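J.:
Residue numbers (my numbering), protein chains in the order written: chain A, 1 to 321; chain B, 1001 to 1247.
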């Protein structure tokens, strides 16, 4: 087999756009949120888009990451690196426990278990007021300053900090998806029974991919806390569960760039519609319905389909978006 | 030399006994066929060997090892593969990816870093099966968009790509035209060199030519066993099976 070391075309499109994003967006904090939610949705997409497991409770891991990092920065006053590591670790531990139990059931029962766990965490967060701030959320998280004069309180500094992390995370995910394990995940999504009869321990594959997905979701939660310097209780809430599904679907399930495109479209749409009408949820809801009904491959799924159709006409191998 | 042996293998579903105390042997390098009318217990018999579900009682031995209660993925790792009566592929992946997934399963599942394109041996293995199954021209086609006949080829190819020593094939000609059936049977004869195959089939004419040995299953029990010629002459077999009484 020939080694394919060349950079794939979507990078040439996405990376320059990302570099300029804070200047394209109405305000640069929006661009930062696009990246953070992009990472969250990419982690979610690993599970839904590649392993084929629908979790209705990914807010658990986003919220665990956000609250843990917040508490480390606020109460323990640790270095930001430690705080992020703690957030990721906590979310991953949550993933191990919740994943282990939820994966005992399949399909809708699996989804319901993840939802139940996320509700459980939400109410624990609500009850433990002393720790989490309850309804008011966790406020007063200090501004993070790094060497070389980097001040994450400044919008552009914060954006490019997230940008670097985003590039690293997306590189890891890219490697994962092209690796034997990534292919095994897709085998499980496509046909779990056949994957089993090919010799795959599908239960273990699902469990590991669940954990990887929660790890990335936890990281995005940590970053969210650093960016906002506040952790609303809603990070653990139902809306967060829904939003990540929404972003992944409109961007394109099981496509590499889909989640990022999804988070961009979603956040820009909210920004735009909330300026026009008060009940922006109406518009967003209609757009979502539109996507499900008519474009259920999402934006990147559509591009991918068009490209592979064109390549197949030419008889060349299909690329991926 | 026997490679597979079942001892008093039995499966009951509630009140129904699908397989009732079957003592069966497959010999190394042999192409043996199990025939029988619908509901004779052929697929159930396969499902037990492949570990899809455990038997109610009895034992399964493969190469001197008791594999009765191994789960399906571990049975596969003992180098037993199966192909299915109903097409059972990875629909939204390309033909080549389908084969490569099968060929990597035993070697490299928990590698999170290396690009599969760079894993020479699994790519070579998958390419070899692609050629054996005459799917070279379909390498980059999505499995779901293959014509039915070629999906049958892929179905068998996936099983073959796991590099089995024993291949269980459940009705590999199901739904094929007579021409396609001939092609598949020729392919099976090619594959059969150096491999032990147990074939489940419905169509007597097809298996008569290729089988070394035929076992007739009827109502979950072995009715007769022997060389194709003997089976054809066996009066009991003719009565329950060949004599037009297909049910």
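All C-beta atoms in this analysis are idealised placements derived from N, C-alpha and C, irrespective of residue type, glycine included. Because the structure is a prediction, the values reported are computed rather than measured.
Just grab the DSSP bridge partners of residue 1170 (chain B) for me.
T.: Against the second chain, residue 1170 (chain B) aligns to sequence position 170. Answer is B:1200, bridged to residue 1170 (chain B).
J.: Comparing the C-beta of residue 1115 (chain B) with each C-beta of chain A, is any distance below 8 Å?
T.: Translated into positions along the second chain, residue 1115 (chain B) becomes position 115. So, interface residue.
J.: Which residues, in chain order, does the stretch 1013 to 1030 of chain B contribute to contact with chain A at a C-beta distance below 9 Å?
T.: Flagged: no residues at all.
J.: If you measure between the beta carbons of residue 1196 (chain B) and residue 1026 (chain B), is that distance less than 8 Å?
T.: For this step, residue 1196 (chain B) is matched to residue 196 along the second chain. For this step, residue 1026 (chain B) is matched to residue 26 along the second chain. For residue 1196 (chain B) and residue 1026 (chain B), yes; Cβs fall inside 8 Å.
J.: Let me confirm a value: residue 1 (chain A) is counted as buried when at least 16 other C-beta atoms fall within 10 Å, else exposed. Which label applies?
T.: Start at 1 with the first residue of the first chain, and residue 1 (chain A) comes out as number 1. Bear in mind that the predicted position of residue 1 (chain A) carries a pLDDT of just 39, short of 50, making it too unreliable to give a figure here.
J.: Taking all protein chains shown into account, do 16 or more other C-beta atoms lie within 10 angstroms of the C-beta of residue 361 (chain A), making it buried, or fewer, making it exposed?
T.: As shown, chain A starts at 1 and ends at 321. That puts residue 361 (chain A) outside it, with no answer to give.
J.: Step through the CB atoms of chain A and report whether any lies within less than 8 Å of the CB of residue 1091 (chain B).
T.: Here residue 1091 (chain B) refers to the residue found at position 91 of the second chain. Yes - at least one Cβ of chain A is within 8 Å of the one on residue 1091 (chain B).
J.: Using the Cβ count rule (16 or more neighbours within 10 Å means buried), how would you classify residue 1100 (chain B)?
T.: Residue 1100 (chain B) sits at position 100 when you count from the first residue of the second chain. Buried is the call here.
J.: Taking C-beta pairs closer than 7 Å, name the residues in chain B that residue 181 (chain A) reaches, listed in chain order.
T.: In the first chain, the residue the question calls residue 181 (chain A) occupies position 181. In chain order: 1109, 1110, 1111 and 1112.
J.: Tell me whether residue 1143 (chain B) is buried or exposed, calling it buried when 16 or more other Cβ atoms sit within 10 Å of its Cβ.
T.: Within the second chain, residue 1143 (chain B) is the residue found at index 143, counting from 1. By the 10 Å Cβ count, residue 1143 (chain B) comes out buried.
J.: Check the Cβ-Cβ distances between residue 175 (chain A) and every residue of chain B, and say whether any is below 8 Å.
T.: In the first chain, the residue the question calls residue 175 (chain A) occupies position 175. It does: the Cβ of residue 175 (chain A) has a partner Cβ on chain B nearer than 8 Å.
J.: For the beta strand (DSSP E) containing residue 1081 (chain B), name the first residue and the last one.
T.: One-based indexing of the second chain puts residue 1081 (chain B) at position 81. Run containing residue 1081 (chain B): 1080 to 1083, per the beta strand (DSSP E) assignment.
J.: Quick one: complete alpha helix (DSSP H) runs, 4+ long, within the stretch 1103 to 1144 of chain B?
T.: The qualifying runs are 1120 to 1132.
J.: Quick check: the Cα distance between residue 1167 (chain B) and residue 1215 (chain B), rounded to an integer number of angstroms?
T.: As a working mapping, residue 1167 (chain B) is identified with position 167 in the second chain. As a working mapping, residue 1215 (chain B) is identified with position 215 in the second chain. So the two alpha carbons sit approximately 16 Å from each other.
J.: Which residues of chain A have a Cβ atom closer than 9 Å to the Cβ of residue 1088 (chain B), listed in chain order?
T.: Walking along the second chain from the start, residue 1088 (chain B) turns up at place 88. Going along chain A in sequence order, the residues near residue 1088 (chain B) (Cβ under 9 Å) are 191, 193, 194 and 197.
J.: Using a Cβ cut-off of 7 Å, which residues of the stretch 10 to 28 of chain A contact any Cβ in chain B, in chain order?
T.: Within the stretch 10 to 28 of chain A, no residue qualifies.
J.: Mind checking whether residue 1173 (chain B) and residue 1203 (chain B) have CB atoms under 8 Å apart?
T.: Position 173 of the second chain, counted from the start, is the residue given in the question as residue 1173 (chain B). Position 203 of the second chain, counted from the start, is the residue given in the question as residue 1203 (chain B). Cβ atoms of residue 1173 (chain B) and residue 1203 (chain B): closer than 8 Å.
J.: Quick check: residue 230 (chain A) and residue 138 (chain A), are their CB atoms within less than 8 Å of each other?
T.: The sequence position of residue 230 (chain A) within the first chain is 230, counting from 1. The sequence position of residue 138 (chain A) within the first chain is 138, counting from 1. Yes, the Cβ-Cβ distance between residue 230 (chain A) and residue 138 (chain A) is below 8 Å.
J.: For the structure I just gave you, are there three or more beta carbon pairs, one from the stretch 1054 to 1069 of chain B and one from the stretch 1082 to 1102 of chain B, closer than 8 Å?
T.: Cβ pair count under 8 Å is below three, so no.
J.: Which residues in the same chain have their Cβ closer than 6 Å to the Cβ of residue 1070 (chain B), if we skip the five residues on either side of it in sequence?
T.: Residue numbering aside, residue 1070 (chain B) sits at position 70 when the second chain is read from its first letter. Answer for residue 1070 (chain B): 1051, listed in chain order.
J.: Would you say residue 1202 (chain B) reaches chain A, if we count a Cβ-Cβ gap shorter than 8 Å as a contact?
T.: Residue mapping note: residue 1202 (chain B) aligns to position 202 of the second chain, counting from 1. So no, residue 1202 (chain B) is outside the interface.
J.: Taking 8 Å as the threshold (beta carbon to beta carbon), is residue 184 (chain A) in contact with chain B?
T.: Residue numbering aside, residue 184 (chain A) sits at position 184 when the first chain is read from its first letter. Yes - at least one Cβ of chain B is within 8 Å of the one on residue 184 (chain A).
J.: Report yes if the C-beta distance between residue 1184 (chain B) and residue 1152 (chain B) is below 8 Å; otherwise report no.
T.: To locate residue 1184 (chain B), count along the second chain from 1; it is residue 184. To locate residue 1152 (chain B), count along the second chain from 1; it is residue 152. Yes, they are a contact pair.
J.: Rounded to whole angstroms, what is the Cα-Cα separation between residue 1126 (chain B) and residue 1237 (chain B)?
T.: Position 126 of the second chain, counted from the first residue, corresponds to residue 1126 (chain B). Position 237 of the second chain, counted from the first residue, corresponds to residue 1237 (chain B). Answer to the nearest angstrom: the Cα atoms are 41 Å apart.
J.: Run through chain B and tell me which residues come within less than 8 Å of residue 178 (chain A), C-beta to C-beta.
T.: Within the first chain, numbered from 1, the residue matching residue 178 (chain A) stands at position 178. What residue 178 (chain A) touches in chain B: 1115, 1116 and 1117.
J.: For residue 317 (chain A), count neighbouring Cβ atoms within 10 angstroms of its own Cβ and tell me buried if that reaches 16, exposed if not.
T.: Along the first chain, one-based indexing puts residue 317 (chain A) at 317. Caution applies to residue 317 (chain A), whose pLDDT of 49 falls short of 50 and renders its modelled position unreliable; the value that the coordinates give is listed next. Flag for residue 317 (chain A) reads exposed.
J.: Is it buried or exposed, residue 3 (chain A), if we count other Cβ atoms within 10 angstroms and call 16 or more buried?
T.: Here residue 3 (chain A) refers to the residue found at position 3 of the first chain. Here residue 3 (chain A) scores only 45 on pLDDT, less than 50, and its place in the model is too uncertain to base an answer on.
J.: Would a check of beta-carbon distances place residue 187 (chain A) closer than 8 Å to chain B?
T.: To locate residue 187 (chain A), count along the first chain from 1; it is residue 187. By this cut-off, residue 187 (chain A) is an interface position.
J.: Would a C-beta distance cut-off of 8 Å place residue 206 (chain A) and residue 51 (chain A) closer than the cut-off?
T.: The residue labelled residue 206 (chain A) in the question sits at position 206 within the first chain. The residue labelled residue 51 (chain A) in the question sits at position 51 within the first chain. Cβ distance < 8 Å, so residue 206 (chain A) and residue 51 (chain A) count as in contact.
J.: Let me know the secondary structure DSSP gives residue 224 (chain A) once reduced to three states.
T.: Reading the first chain from its first residue, position 224 is the one you call residue 224 (chain A). Helix at residue 224 (chain A).
J.: Return no unless some Cβ of chain B is closer than 8 Å to the Cβ of residue 201 (chain A).
T.: On the first chain, position 201 is the one that residue 201 (chain A) refers to. Output row for residue 201 (chain A): interface = yes.
J.: From the DSSP output, in three-state form, read off residue 164 (chain A) for me.
T.: What you label residue 164 (chain A) is simply residue 164 of the first chain in a count that begins at 1. Here residue 164 (chain A) sits in helix by DSSP.
J.: What are the start and end residues of each continuous alpha helix (DSSP H) run of 4 or more residues lying completely inside the stretch 231 to 311 of chain A, in chain order?
T.: Qualifying alpha helix (DSSP H) stretches, in chain order: 238 to 251, 258 to 276 and 280 to 294.
J.: Express the C-alpha separation of residue 154 (chain A) and residue 257 (chain A) in angstroms, rounding to a whole number.
T.: One-based indexing of the first chain puts residue 257 (chain A) at position 257. One-based indexing of the first chain puts residue 154 (chain A) at position 154. C-alpha separation (whole angstroms): 27 Å.
J.: Could you give the C-beta distance for residue 65 (chain A) and residue 222 (chain A), rounded to a whole number, given that I count them as a contact under 8 Å?
T.: Counting from one through the first chain, the residue named residue 65 (chain A) turns up at place 65. Counting from one through the first chain, the residue named residue 222 (chain A) turns up at place 222. Sure, about 4 Å apart at Cβ, within 8 Å.
J.: Below 6 Å CB to CB, which residues in the same chain sit around residue 1245 (chain B) once its five sequence neighbours on both sides are set aside?
T.: The count along the second chain starts at 1 and reaches residue 1245 (chain B) at position 245. Interpretation of residue 1245 (chain B) is limited by its pLDDT of 46, a score under 50 that renders its predicted location unreliable; the figure taken from the coordinates is listed afterwards. Excluding residues within five positions, none has a Cβ falling inside 6 Å.
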